[in-house]
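I have placed the structure first, in the form of structure tokens, so that the comments after it can refer back to it.
Have a look at this one:
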């Protein structure tokens, strides 16, 4: 008797449960695009992790030296200005500024690529440029420049778009269309333009 | 294309084969993730992570089970771990009207019962909820559930029995009517 009641309950439960979290149609293309981008991102991250330490240190030191000189020149208003390298050391805000300068320059390059890509996406050369920019995007994401949440969001969006362009088959019209639509949808290009300050290329005002 | 050929081609780095493998399994993975989360964003996230892991680990797939079973096991693990980290789905889940909208407005069960059932299922411990959803909602066999969860078939049966018993208590007023 109990078994029969249990069976009846289970049967009715199954019938009602069919509606539980009824899934919509699978968004195949969207998920596929995300998978491709994520795999590229992880591959790039692994590549960075496996880069020999002396190379990373060398690149880092060169970048710091170059940025130090650049900041010194930028901040020198007259002959009484301190020596460039000393300024970077004495001013605690200088390192943060240096990262901002690097981020702004990176955004300028990315903006140029995406503008050209939007005009004519079929050039296979875009993939190579996008790969280079993708690596730089990861470096900036790992730097203090990405401490600003707005900047970080923009960098992550940029990373996704660059990853898609980097793996793009320029002969595949459907894929090109998908990436172009994703670019428009995310509004990365206008946000990049907003992040790049107007005026002399060395200025960082308004970058963030 | 034979599954073994497909796997060999994916391992060799064939992009078209990767896409074919994805197309063959994505519906089941996404449906599975959606049924367990009731959240489209989470289902997309978990489906993405499942395939990223599957492609990464395909080299270690030994073919002892069907590829679909192997992928389902990854999906189940991804969803279980993901749900442990993501608590927000519980709040979002309660809006069944919204869920109906996403599901295309299908209504074959009484609204009150549906809501009560959803709440009761949500209140189940994860290990019971997983088996109940896989068996009674998605229609998997206990063998398939055991393979996906990495437990014995008997364990799957026992968990389903416990889940139903708890649901029977939670839906006592309906249960009385159903069994008479």
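Chains as they are written, first to last, in this note's numbering: chain A, 36 to 243; chain B, 191 to 370.
Just so it is clear, CB atoms sit at the ideal spot from N, CA and C, and this is done for glycine as well.
Source: prediction; values computed, not measured.
Taking 7 Å as the cut-off, does the CB of residue i come closer than this to any heavy atom belonging to the ligand GTP?
i                      : result
residue 202 of chain B : Questions concerning the ligand GTP fall outside what the structure shown contains, since it holds no ligand whatsoever.
If you run the structure through DSSP and keep just helix, strand and coil, what is residue i?
i                      : result
residue 341 of chain B : coil
residue 155 of chain A : coil
residue 205 of chain A : coil
residue 293 of chain B : Only weak support is given to the placement of residue 293 of chain B: the predicted model assigns it a pLDDT of 44, under 50, and the value that follows is read from those uncertain coordinates. Correct three-state label for residue 293 of chain B: coil.
residue 60 of chain A  : coil
residue 231 of chain A : coil
residue 122 of chain A : Confidence is the limiting factor: at residue 122 of chain A the pLDDT is only 44, short of 50, which leaves the residue's position unreliable, though a coordinate-based value still follows. Correct three-state label for residue 122 of chain A: helix.
residue 261 of chain B : helix
residue 279 of chain B : The pLDDT assigned to residue 279 of chain B is 46, lower than 50, so where the model puts this residue is not dependable; a value taken from the coordinates is nonetheless given after this. Helix.
residue 212 of chain B : helix
residue 251 of chain B : coil
residue 237 of chain A : Bear in mind that a pLDDT of 44 at residue 237 of chain A, under 50, signals an unreliable position, so the model cannot answer this.
residue 334 of chain B : helix
residue 42 of chain A  : helix
residue 225 of chain A : helix
residue 361 of chain B : coil
residue 328 of chain B : coil
residue 116 of chain A : Confidence in residue 116 of chain A is poor, its pLDDT being 45 and thus under 50, which makes the residue's placement unreliable; the coordinate value appears in the next sentence. Coil.
residue 143 of chain A : helix
residue 315 of chain B : coil
residue 256 of chain B : coil
residue 286 of chain B : Only weak support is given to the placement of residue 286 of chain B: the predicted model assigns it a pLDDT of 44, under 50, and the value that follows is read from those uncertain coordinates. In the structure shown, residue 286 of chain B sits in a helix (DSSP, three-state: H, G or I).
residue 351 of chain B : helix
residue 55 of chain A  : coil
residue 229 of chain B : coil
residue 346 of chain B : helix
residue 178 of chain A : coil
residue 246 of chain B : helix
residue 203 of chain B : coil
residue 192 of chain B : coil
residue 302 of chain B : helix
residue 183 of chain A : coil
Rounded to whole angstroms, how far is the Cβ of residue i from the Cβ of residue j, which I believe are closer than 8 Å?
i                      : j                      : result
residue 197 of chain B : residue 251 of chain B : 7 Å
residue 58 of chain A  : residue 224 of chain B : 4 Å
residue 259 of chain B : residue 337 of chain B : 5 Å
residue 357 of chain B : residue 310 of chain B : 5 Å
residue 241 of chain B : residue 70 of chain A  : 5 Å
residue 330 of chain B : residue 349 of chain B : Not confirmed; about 13 Å, so no contact.
residue 153 of chain A : residue 218 of chain A : 7 Å
residue 226 of chain B : residue 320 of chain B : 7 Å
residue 72 of chain A  : residue 138 of chain A : No, residue 72 of chain A and residue 138 of chain A are not in contact; Cβ-Cβ is about 21 Å, not under 8 Å.
residue 233 of chain B : residue 220 of chain B : 6 Å
residue 63 of chain A  : residue 146 of chain A : The pair is not a contact, with the Cβ atoms about 31 Å apart (cut-off 8 Å).
residue 343 of chain B : residue 333 of chain B : 6 Å
residue 149 of chain A : residue 75 of chain A  : Incorrect: roughly 17 Å between the Cβ atoms, too far for contact.
residue 230 of chain B : residue 61 of chain A  : Actually they do not touch by this definition, with Cβ atoms about 10 Å apart.
residue 143 of chain A : residue 66 of chain A  : That pair is no contact at about 32 Å.
residue 316 of chain B : residue 270 of chain B : 7 Å
Residues in the segment 158 to 178 of chain A with C-beta within 9 Å of chain B's C-beta atoms, listed in sequence order? none
If you measure beta-carbon to beta-carbon, which residues of the segment 324 to 350 of chain B are closer than 7 Å to chain A? 326, 327
Using a beta-carbon distance cut-off of less than 7 Å, what residues from the segment 40 to 52 of chain A approach chain B? 40, 43, 44, 45, 47, 48, 49, 51, 52
Along the segment 303 to 314 of chain B, where does the CB come closer than 7 Å to a CB of chain A? Name the residues. 303, 304, 307, 308, 311
Count the C-beta pairs between the segment 49 to 61 of chain A and the segment 196 to 209 of chain A that are closer than 8 Å, then say yes if the count reaches three, no if not. no
Chain B contacts made by the segment 197 to 231 of chain A, where a contact means CB separation under 7 Å: none
Residues of the segment 180 to 199 of chain A with Cβ closer than 7 Å to any Cβ of chain B, in chain order: none
To be precise: take each residue of the segment 206 to 236 of chain B, compare its Cβ to all Cβ atoms of chain A, and keep it if any distance is under 8 Å. Which residues remain? 209, 212, 213, 216, 217, 220, 221, 224, 225, 226, 227, 228, 230, 233, 234
Contacting positions in the segment 245 to 263 of chain B - beta carbon closer than 9 Å to chain A: 245, 246
Would you list, in chain order, the members of the segment 59 to 83 of chain A that have their beta-carbon closer than 8 Å to a beta-carbon of chain E? Given the protein chain composition of this structure (A and B), no chain E is represented.
Closer than 8 Å is the cut-off here; do at least three beta carbon pairs connect the segment 191 to 208 of chain B with the segment 157 to 172 of chain A? no
The segment 265 to 279 of chain B: positions lying closer than 9 Å to chain A by Cβ: none
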